[in-house]
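Q:
Protein chains: 2
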Amino acid sequence: MIQPRPRTIPEATVARLAVYLRALTTLAEGGRSSVSSGELAEAAGVNPAGLRKDLSHLGPCGVRGVGYDVQTLRDRIARVLGVEHARACVLVGIGNLGSALADYAGFGTRGFEFVGLFDAAPARIGQPIGGQTVRPLDELADVVASTGASIGVITTPAEVAQSVCDRLAVAGVRSILNFAPVPLVAPDGVDVRKVDLSVELQVLAFLGQQRLVSA
Amino acid sequence: MIQPRPRTIPEATVARLAVYLRALTTLAEGGRSSVSSGELAEAAGVNPAGLRKDLSHLGPCGVRGVGYDVQTLRDRIARVLGVEHARACVLVGIGNLGSALADYAGFGTRGFEFVGLFDAAPARIGQPIGGQTVRPLDELADVVASTGASIGVITTPAEVAQSVCDRLAVAGVRSILNFAPVPLVAPDGVDVRKVDLSVELQVLAFLGQQRLVSA
DNA sequence: GCGACTTTGTTCCTGCGTTCACAAGCGGTT
DNA sequence: AACCGCTTGTGAACGCAGGAACAAAGTCGC
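Sequences listed follow chains A and B, in order. Everything in the first sequence is counted per the numbering used here, starting at 1 for the first residue and increasing by one. Everything in the second sequence is counted per the numbering used here, starting at 1001 for the first residue and increasing by one.
1) Within the segment 1135-1206 of chain B, note down every full beta strand (DSSP E) run reaching 3 residues or more, in order along the chain.
2) Taking the DSSP output, what are the residues bridged to Cys1089(B)?
3) So, with DSSP's three-state summary, where would you put Arg45(A)?
4) Identify, in the order they occur along the chain, each residue of the same chain with its Cβ nearer than 8 angstroms to the Cβ of Ile1125(B), setting aside the five sequence neighbours on each side.
5) How would you list, in chain order, the residues of chain A whose beta-carbon sits under 9 angstroms from the beta-carbon of Phe1114(B)?
6) Between which two residues does the alpha helix (DSSP H) harbouring Val1014(B) extend?
7) Do you know offhand how far Pro1004(B)'s Cα is from Gln1210(B)'s?
8) For chain A, check one thing: does any of its Cβ atoms lie closer than 8 angstroms to the Cβ of Tyr1104(B)?
9) So if DSSP puts Thr1133(B) in a beta bridge, which residue, or which two residues, is it bridged to?
10) Quick one: measure Cβ to Cβ for Ala100(A) and Ala1100(B), integer angstroms, because I've assumed they're closer than 8 angstroms.
11) Which of the three DSSP states, helix, strand or coil, is assigned to Gly98(A)?
12) Assuming Thr1109(B) is part of the alpha helix (DSSP H), what are its boundary residues?
13) Going by other Cβ atoms of all chains shown within 10 Å of its Cβ, with 16 needed for buried, is Thr13(A) buried or exposed?
14) Can you find a CB in chain A that lies within less than 8 angstroms of the CB of Ile1094(B)?
15) For a test of the three-state rule: what should DSSP assign to Val213(A), helix, strand or coil?
16) Is the Cβ of Arg211(A) closer than 8 angstroms to any Cβ of chain B?
17) Using 8 angstroms as the threshold, is the C-beta distance between Gln202(A) and Val1203(B) below it?
18) Leaving out the 5 sequence neighbours to the left and right, which residues in its chain are closer than 7 angstroms to Ser172(A) when beta-carbon positions are compared?
19) Within the continuous alpha helix (DSSP H) that includes Thr72(A), where are the two ends?
20) Here's a check: name, in chain order, each residue in its chain whose Cβ is nearer than 7 angstroms to the Cβ of Ile129(A), leaving out the five neighbours to either side.
21) What residues in the segment 1169-1191 of chain B bring their beta carbon closer than 9 angstroms to a beta carbon of chain A?
22) So which residues on chain A does Glu1159(B) lean against when the C-beta distance must stay under 9 angstroms?
23) Work out the CA separation of Ala141(A) and Ile1176(B) for me, nearest whole Å.
24) Measure from the alpha carbon of Pro1010(B) to the alpha carbon of each residue in Ala1078(B), His1057(B) and Leu1027(B), then state which is nearest.
25) Which word fits Ala49(A), buried or exposed, when buried means at least 16 other C-beta atoms lie within 10 angstroms of its C-beta?
26) Taking C-alpha atoms, which residue in Leu91(A), Gly111(A), Asp69(A) and Val46(A) lies nearest to Ala78(A)?
27) Do Tyr20(A) and Ala44(A) have their beta-carbon atoms positioned less than 8 angstroms apart in this structure?
28) Quick one: using the 10 Å Cβ neighbour count with 16 as the cut-off for buried, is Leu197(A) buried or exposed?
29) Pull up the distance between the alpha-carbon of Ser34(A) and that of Leu24(A), whole angstroms please.
30) Put Gly67(A) into one of helix, strand or coil per three-state DSSP.
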């Protein structure tokens, strides 16, 4: 028995699938029922050939000569990404960035629901944000256990990010999104992704400076 | 006359240089004057050999058998990245995320200063945030011209992101950081980088689901 | 019913990024 | 002054992502 489809999808492809998913949702809301790779690629800002290659990881899901069915493809990508039903998330560190994320509507509409907001500062505890109330860190384990939250988001200062990461892992969170500017180490079986906002600005600064030099 | 050092530094390397820069700043504040590639690599969360290769793009900047001088290396990276002196930025879209970024101390300490906050909603204009006052979009061109801002940050809804991008380009902004979930097209000579927060969460969801399947 | 056109799925290839491994160079020691 | 250990810098190989071109397949028109 052969294994016609490798179980591993490249991470770069996964990231683009999320973009396609959003574009498809927009198309569906606009009433479109079918779309070609060229159109979808333009909406997602990628190369049409690359898009088809990405989709080929899901198995044949288009009709030659016609294109892709918007609804079918949308459901298929959502299932592969694991976002067909809502996922519970917890957020630790309710500063400016944490508050913005807790309030950010873009997460809720894509199937991510914050079921717990946590902070260490007594002044912030009890504060209402985005339909939730900020809780003390002591309640983290209980909330994760009772809600089954599998994703944790860290928006704390860098100094405490590692200890928060440890507590999330112990509580049972399996995936962590880290906004603190430090590399985190987590036990096996726990995935960590890092988003570094100031790095993006610094890359931009470099590109801008380079253009001046080469001009 | 040969050109011993190629002028182009890979973008992946540039992003890591920004991480090294932060780690070096932390080390300098801790009083360290010298550091080896192994130590710095651990602080940055990368492979030591890769770190040395990254630094080799700057030319020889370490001493064999000893390591790197923290202060010298820090200055050199800052100069290459173009962040040796502060850079003026403008921010358009003062919602939750925009407010958080305007208030985020991490930018200021890394040489990025917001010199203008803009929004289209009359209700937000005049509102004070992070030492600045929110202005109407009409003043964008004037502020960019008078301050020489070279970097623009877009945190608007997706629907208006492209028009804001166009206005920034016309006003003279050369580098744009886009948080809106749409691909932007900009004229030649204007760099655009995209940060998509919900994509990061969806990649995490995929990794988490994949672990369940393979287990 | 048949042909031509459209669009997908795949294959090949080129280039880049990453990693390993080794040679070169410097400081400290005897 | 010569040796030894340590660390940097670089060369080579590997794997991966991206792009272009081609074959397969389905639909529309006649």
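Glycine is no exception: its CB is placed at the ideal position from the N, C-alpha and C atoms. Quick caveat, the model's predicted, so the values are computed rather than measured.
A: Based on what the coordinates show:
1) Complete beta strand (DSSP E) runs here, min 3: 1151-1154, 1175-1178 and 1191-1194.
2) BP columns for Cys1089(B) point to Phe1114(B) and Ile1151(B).
3) As written in the sequence, residue 45(A) is Gly, which differs from the Arg given in the question. DSSP places Gly45(A) in the coil class of the three-state scheme, outside both helix and strand.
4) So the list reads Asp1119, Val1134, Arg1135 and Pro1136, once near-sequence residues are dropped.
5) Simply none; closest approach about 11 angstroms.
6) For Val1014(B), the enclosing alpha helix (DSSP H) begins and ends at Glu1011 to Glu1029.
7) Note that Pro1004(B) has pLDDT 42, beneath the 50 cutoff, so the model's placement of it is unreliable and the number below is only indicative. Rounded to whole angstroms, the gap between the alpha carbons of Pro1004(B) and Gln1210(B) is 46 angstroms.
8) Answer yes: the Cβ-Cβ gap between Tyr1104(B) and chain A drops below 8 angstroms somewhere.
9) Within the DSSP secondary-structure output, Thr1133(B) pairs in a beta bridge with Pro1128(B).
10) Confirmed, Cβ separation roughly 4 angstroms.
11) Of the three classes helix, strand and coil, the one that applies to Gly98(A) here is helix, per DSSP.
12) No alpha helix (DSSP H) contains Thr1109(B), which DSSP labels as neither H nor E.
13) So Thr13(A) ends up on the buried side.
14) Chain A contact via Cβ: absent.
15) In this structure, Val213(A) counts as helix in the three-state DSSP scheme.
16) For Arg211(A), the answer is yes, since a Cβ of chain B falls inside 8 angstroms of its Cβ.
17) Result no, Cβ atoms of Gln202(A) and Val1203(B) do not sit closer than 8 angstroms.
18) Residue identity check: residue 172(A) is Gly in the sequence provided, not Ser. Within the same chain, and ignoring the five residues on either side of Gly172(A) in sequence, the residues whose Cβ sits closer than 7 angstroms to its Cβ are Val144 and Ala145.
19) Note, Thr72(A): alpha helix (DSSP H), Val70 to Leu81.
20) In chain order, Ile94, Ser99, Ala102, Asp103 and Leu117 place their CB closer than 7 angstroms to the CB of Ile129(A), counting only its own chain and leaving out the 5 sequence neighbours on each side.
21) Residues passing the 9 angstroms Cβ filter: Arg1174, Ser1175, Ile1176, Leu1177, Pro1181, Val1182, Pro1183, Leu1184, Val1185, Gly1189 and Asp1191.
22) Per Cβ cutoff of 9 angstroms: no residues; Glu1159(B) is ~10 angstroms from chain A at best.
23) When rounded, the distance between both Cα atoms is 40 angstroms.
24) If we check each option's Cα against that of Pro1010(B), His1057(B) comes out closest.
25) With fewer than 16 other Cβ atoms within 10 Å, it is exposed.
26) Comparing Cα-Cα distances from Ala78(A) to each of Leu91(A), Gly111(A), Asp69(A) and Val46(A), the minimum goes to Gly111(A).
27) Yes, Cβ-Cβ distance for Ala44(A) and Tyr20(A) is below 8 angstroms.
28) Flag for Leu197(A) reads buried.
29) Roughly 10 angstroms separates the two Cα atoms.
30) When secondary structure is reduced to three states using DSSP, Gly67(A) falls in the strand class.
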